[in-house]
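Going by the working numbering, the first residue of the sequence shown is number 43, and it counts up by one from there.
Every residue gets a Cβ at the ideal spot worked out from N, C-alpha and C, and that includes glycine.
Before any comments, here is the structure.
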Amino acid sequence: MALFDRRLLAYLDDGGWAGSGTFHDRIVGYQQVRRPRGMIGFITDCEGDYAYWSRCVSLSHIIQFGPEGQLSFKRTEAEDRFVFGGDVFDKGTGDLRIARQLLDFKKRPSKDRVWLLAGNRDLNKLRFPAELAEDELDVPQPVPLYPRAPPQVSLRSFLEKRLEGEGSEGGPKTIEDMNTKANRLRWILDHTMTAAGAFELRREEMALLGGQEAGNISDQEVVESFLASVAEEDGVVWQYLLHSSLLVLIGDCLFVHGGLPKEAINWIPTMDMRYVQPREGAICGGRRVEGTLEDWMTAMMPGCSITWLHIENNFLQEGLQDFRAKMFWGPGRVRGGEGLLCLTSTPACFRRSVVVESLLQGGIPDHLDKEVEAFLVEGGVRTVFCGHKPCGDSPFVVRGERVAVVHCDTTYSDASAADKRGSAVAAVEMDACSLGQLCLRGVLADGRGYDFTLYGAAGDAHVGRQCSDGSWVKAKLHDGCRWAFAGSFRS
Numbered sequence: 043m044a045l046f047d048r049r050l051l052a053y054l055d056d057g058g059w060a061g062s063g064t065f066h067d068r069i070v071g072y073q074q075v076r077r078p079r080g081m082i083g084f085i086t087d088c089e090g091d092y093a094y095w096s097r098c099v100s101l102s103h104i105i106q107f108g109p110e111g112q113l114s115f116k117r118t119e120a121e122d123r124f125v126f127g128g129d130v131f132d133k134g135t136g137d138l139r140i141a142r143q144l145l146d147f148k149k150r151p152s153k154d155r156v157w158l159l160a161g162n163r164d165l166n167k168l169r170f171p172a173e174l175a176e177d178e179l180d181v182p183q184p185v186p187l188y189p190r191a192p193p194q195v196s197l198r199s200f201l202e203k204r205l206e207g208e209g210s211e212g213g214p215k216t217i218e219d220m221n222t223k224a225n226r227l228r229w230i231l232d233h234t235m236t237a238a239g240a241f242e243l244r245r246e247e248m249a250l251l252g253g254q255e256a257g258n259i260s261d262q263e264v265v266e267s268f269l270a271s272v273a274e275e276d277g278v279v280w281q282y283l284l285h286s287s288l289l290v291l292i293g294d295c296l297f298v299h300g301g302l303p304k305e306a307i308n309w310i311p312t313m314d315m316r317y318v319q320p321r322e323g324a325i326c327g328g329r330r331v332e333g334t335l336e337d338w339m340t341a342m343m344p345g346c347s348i349t350w351l352h353i354e355n356n357f358l359q360e361g362l363q364d365f366r367a368k369m370f371w372g373p374g375r376v377r378g379g380e381g382l383l384c385l386t387s388t389p390a391c392f393r394r395s396v397v398v399e400s401l402l403q404g405g406i407p408d409h410l411d412k413e414v415e416a417f418l419v420e421g422g423v424r425t426v427f428c429g430h431k432p433c434g435d436s437p438f439v440v441r442g443e444r445v446a447v448v449h450c451d452t453t454y455s456d457a458s459a460a461d462k463r464g465s466a467v468a469a470v471e472m473d474a475c476s477l478g479q480l481c482l483r484g485v486l487a488d489g490r491g492y493d494f495t496l497y498g499a500a501g502d503a504h505v506g507r508q509c510s511d512g513s514w515v516k517a518k519l520h521d522g523c524r525w526a527f528a529g530s531f532r533s
């Protein structure tokens, strides 16, 4: 990582950039459509880390915790809005609490100003009913193998390893003895959902909420907690998905969990898609429509108009109904909700998913595709907000000619910290009252702070740009220096 001072950046701006000109010069006269009043806050990818979630809320100018832990808007007279970017669950003792707080916020009278996005860690829980109902040892690998993935661990090999660790206490055991719902769930979480340790973390959270010792929570109770969360009508995962969207458009701001890959433009997923590893030469399912961003989103959401109001994604709701009707395996090893599960997989979706595709690959971004940018500009979008891929200890902005993409998943901001986040925290807020000014505030993993804006004459023209040495400028620090990055993060 490199820390550039002002003089070096001034030199780079004069000729050392991979691109030329300043971003705010290029958006003069930009057509602003249906701009809302107030501010818009964005938090994403808490993944069950309640301490991180709490730091984000405390830093926010838009939302706050009430005396009973409930969320509310800070400025009662303003028309502020809040978007949670998805991935509530998996890696901490806050799964249930964070989800319940978000749902309570979404169901309050201010619900039309609160949006929840469905992330891959939220959607993949639809797998639980079918996969926990079977007892075969040699089941097919349940997740299509994504690029750069480590070798998959089979259920049998997982159980064999657990059997080796059991020893002979309590008498001889066989692999069949190890084939319990609890162990199958451990395998699903640890080796197919990248949620290692989530089983015991759930036990800890259940104990915390119930005022008990973790040792008093049985394996079966933990299994029931995970299963009921999606299989029951009042389950926290099910309720979250029912109240969530795949895409949200507010004014000229597009919110999405992963990103908008070129292949996704005007592509509509369909329920007949299968959550499996595609055969060589296979062709992606779904269908294509022609037209603008509005035409595409309207096709994704029949009967809905594109406004700054909540975009109700009919494909998501259709997929949830399909899941509810067929939660368990049917003939041909097919279950309901397969179309939605495909959105959590790069290979199953042929790189077309707005949930998992991203400009960030290993923490280093690609430049914004010109065709994607033109599509967004024509649709009135100036800023895209997303999460999903780790971006280090501060948001990672990637600027095109007229559109900026703001990545906000700080999951792996501090490898030395127990939670892999450390003290890093960020506030990502759009101030509609100042002609759509984007404000980025926060603290890096080493404790240094930043607080700057992105657009207009007062905005920082360097953040979001790639330097001639390949590094990217990520933030303007309190001392006036810029924070630049040229390494990689865990992806």
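- If you ignore the 5 residues before and after LEU101, its C-beta comes within less than 6 Å of the C-beta of VAL467 and ALA469, all in its own chain and listed in chain order.
- Here LYS304 has ASP411, GLU413 and VAL414 as same chain residues with Cβ atoms under 7 Å from its own Cβ, once five neighbours each way along the sequence are excluded.
- Bridge partners of GLN183 according to DSSP: none are assigned.
- With contacts defined by Cβ atoms closer than 8 Å, CYS428 and HIS520 do not form a contacting pair.
- In this model, LEU296 and GLN183 are separated by some 35 Å (Cα to Cα).
- Proximity to MET81 across HIS103, ARG97 and ARG393 peaks at HIS103, based on C-alpha coordinates.
- The alpha-carbon separation between GLY127 and TYR492 amounts to approximately 22 Å.
- Residue range 123 to 126 is occupied by the beta strand (DSSP E) that includes ARG123.
- Within the DSSP bridge table, the entry for TYR492 names GLY484 and LEU519 as partners.
- One alpha carbon belongs to GLY478, the other to MET342, and they sit about 27 Å apart.
- Separation of the CB atoms of PHE438 and LEU402 is rounded to 7 Å, and the pair is thereby assigned contact status at 8 Å.
- Distance between VAL130 and LEU205, taken at the CA atoms: about 32 Å.
- By a beta-carbon distance limit of 8 Å, VAL272 does not contact HIS233. Their separation comes to about 19 Å.
- The closest CA to that of LYS167, considering only ALA459, SER267 and PRO432, is found on SER267.
- Relative to GLY328, the option among THR312, GLU443, GLU322 and ASP337 whose CA is nearest is THR312.
- Short of 7 Å from the beta carbon of LYS215, and not among the five residues preceding or following it, lie these beta carbons of its own chain, in chain order: LEU205 and GLU208.
- LYS133 is positioned such that its CB atom lies no closer than 8 Å to that of ASP180.
- Residue pairing from DSSP places HIS449 in a beta bridge opposite CYS428 and PHE438.
- Three or more Cβ pairs closer than 8 Å define a contact, and the stretch 147 to 159 falls short of that threshold against the stretch 485 to 505.
- Around the beta-carbon of VAL485, 16 or more other beta-carbon atoms lie within 10 Å, marking it buried.
- Closest in C-alpha terms to GLU336, from the list LEU291, ARG377, LEU187 and LEU382, comes LEU291.
- For ILE217, the enclosing alpha helix (DSSP H) begins and ends at 217 to 220.
- Between ALA446 and GLY506, the C-beta gap is smaller than 8 Å, which places the two residues in contact.
- From the listed residues ALA224, VAL440, ASP294 and GLY464, the smallest Cα separation to PHE527 is found for VAL440.
- One thing to note: ARG444 has its Cβ no nearer than 8 Å to the Cβ of VAL426.
- Annotation for GLN106: the continuous beta strand (DSSP E) segment containing it runs 105 to 107.
- Between the alpha carbons of GLN319 and PRO192 lies a distance of about 15 Å.
- By the Cβ test, the stretch 356 to 369 is in contact with the stretch 377 to 384, since at least three Cβ pairs between them sit closer than 8 Å.
- Classified as buried, GLY422 has 16 or more neighbouring CB atoms from the shown chains inside 10 Å of its CB.
- Using a Cβ-Cβ distance cut-off of 8 Å, the stretch 109 to 119 and the stretch 249 to 267 are not in contact, since fewer than three pairs of beta carbons, one from each stretch, lie closer than that value.
- Under the 10 Å beta carbon count, GLN508 is surrounded by 16 or more other beta carbons and is classified as buried.
- Given a length threshold of 3 residues, each whole run of the beta strand (DSSP E) inside the stretch 143 to 202 is given here in chain order: 156 to 159.
- Taking 8 Å as the cut-off, the beta carbon of CYS384 is found no closer than this to the beta carbon of PHE84.
- Following the DSSP letters along the chain, one finds TRP338 inside the alpha helix (DSSP H) bounded by residues 335 to 342.
- ASP473 is bridged by DSSP to MET81 and GLN479.
- Closest in C-alpha terms to HIS285, from the list PHE417, ARG463 and GLY161, comes GLY161.
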